[in-house]
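Asks: There's a structure below that I have some questions on.
Number of protein chains: 2
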Amino acid sequence: MELDKAAVCLSKLGNPARLAMFRLLVKAGDEGLAVGDIQKELDMPHSTLSHHISHMMTSGLLIQSREGRVLRCRLDYQLTNSLLDYLMEDCCKGLQEA
Amino acid sequence: MELDKAAVCLSKLGNPARLAMFRLLVKAGDEGLAVGDIQKELDMPHSTLSHHISHMMTSGLLIQSREGRVLRCRLDYQLTNSLLDYLMEDCCKGLQEA
DNA sequence: GTATTATTTCTGTATTTATCGAAATAATAC
DNA sequence: GTATTATTTCGATAAATACAGAAATAATAC
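Just so you know, the protein sequences line up as chains H and B, in that order. Residues in the first sequence are numbered from 1 upward in steps of one, following full-length UniProt numbering. Residues in the second sequence are numbered from 1 upward in steps of one, following full-length UniProt numbering.
Take a look at the structure:
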């Protein structure tokens with residue numbers, strides 16, 4: 001992963017409401033959660049929640065798919081893992097590039 | 001780790017300049033880096049760099065120690081690992097608390 | 001068609017964060 | 001003591017982000 005991409009993802013996760021949402025989705029796993037389910041857990045105005053969801057989508061960490069009237073949210077686990085790997089990449093190898 | 005603590009750490013890492021600094025320190029390992037070394041790599045005004053360093057310190061991810069005229073920066077690897085662990089904790093276990 | 005449910009988009013305001021020059025502090029050298 | 005080096009703190013301005021009410025869209029049910 002590139003630094004700028006990682007920074008965007010981390011900045012999105014760095015908000016308590018969005019991190020709480022992320023944690024719910026981690027627990028939910030591949031099934032994901034409907035926006036309404038997230039709303040029930042986090043209890044915030046619709047517009048605020050939706051704003052946070054759209055932040056998460058622009059980072060790519062969250063993927064939405066419509067199921068009738070319901071929008072279901074899932075994490076992109078591959079991207080999530082790339083992000084976590086990136087943080088510790090080349091640990092303790094020293095500063096020289098390559 | 002608690003959600004709010006994790007959110008603070010992630011928000012600090014979510015800035016490109018600070019993430020670049022974090023990555024340098026990951027590569028540097030236990031030796032860490034002097035502020036001046038970081039400055040050389042990142043090339044930004046002293047005051048801006050110092051501001052970012054102080055952000056990293058308030059999160060606890062970065063620890064400074066004085067060595068004569070030089071301030072040396074190291075990562076708190078234990079905290080860093082707790083943060084990474086926290087993100088994926090209880091993955092796919094479902095939403096019920098416990 | 002109208003009503004209901006689920007969710008987003010719009011729009012504005014409040015708050016936080018980023019940036020950086022100039023002045024200040026801390027340590028060593030002379 | 002003065003000078004030099006390393007780094008921070010202060011203070012101001014610019015930019016980004018968060019928040020939430022009201023209106024809009026999308027899908028289903030009737």
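For glycine and all other residues, C-beta sits at the position ideal for the given N, C-alpha and C. Values in this document were obtained by computation on a predicted structure and should not be read as measured data.
1. Hey, is the segment 45-56 of chain H in contact with the segment 1-18 of chain H, meaning 3+ C-beta pairs nearer than 8 Å?
2. Quick one, which of B:E41, B:L3, B:G29, B:L87 has its alpha-carbon nearest Y77 (chain B)'s?
3. From L3 (chain H) to L83 (chain H), what distance separates their C-alpha atoms?
4. Could you spell out where the alpha helix (DSSP H) holding residue 99 (chain H) opens and where it closes?
5. For the segment 63-91 of chain B, which residues have a CB atom closer than 7 Å to at least one CB atom of chain H, in sequence order?
6. To be precise: take each residue of the segment 33-45 of chain B, compare its Cβ to all Cβ atoms of chain H, and keep it if any distance is under 9 Å. Which residues remain?
7. Which residues does DSSP pair with E67 (chain B) in a beta bridge?
8. If you measure from the CB of A20 (chain B), is any heavy atom of the ligand ZN nearer than 6 Å?
9. Pull up the distance between the alpha-carbon of I63 (chain B) and that of L75 (chain B), whole angstroms please.
10. The alpha helix (DSSP H) with D37 (chain H) in it runs from where to where?
11. With a CB to CB cut of under 6 Å and the five nearest residues on each side skipped, what residues in its chain are close to V35 (chain B)?
12. If you run the structure through DSSP and keep just helix, strand and coil, what is L61 (chain H)?
Replies: Walking through what the data contain:
1. yes
2. B:G29
3. 10 Å
4. The shown model of chain H, from 1 to 98, leaves out residue 99 (chain H), and the question about it has no answer.
5. L84, L87, M88, D90, C91
6. L33, D37, E41
7. B:V70
8. In the structure shown, the ligand ZN is absent, as is every other ligand, since no ligand is present at all.
9. 6 Å
10. 35-42
11. L71
12. coil
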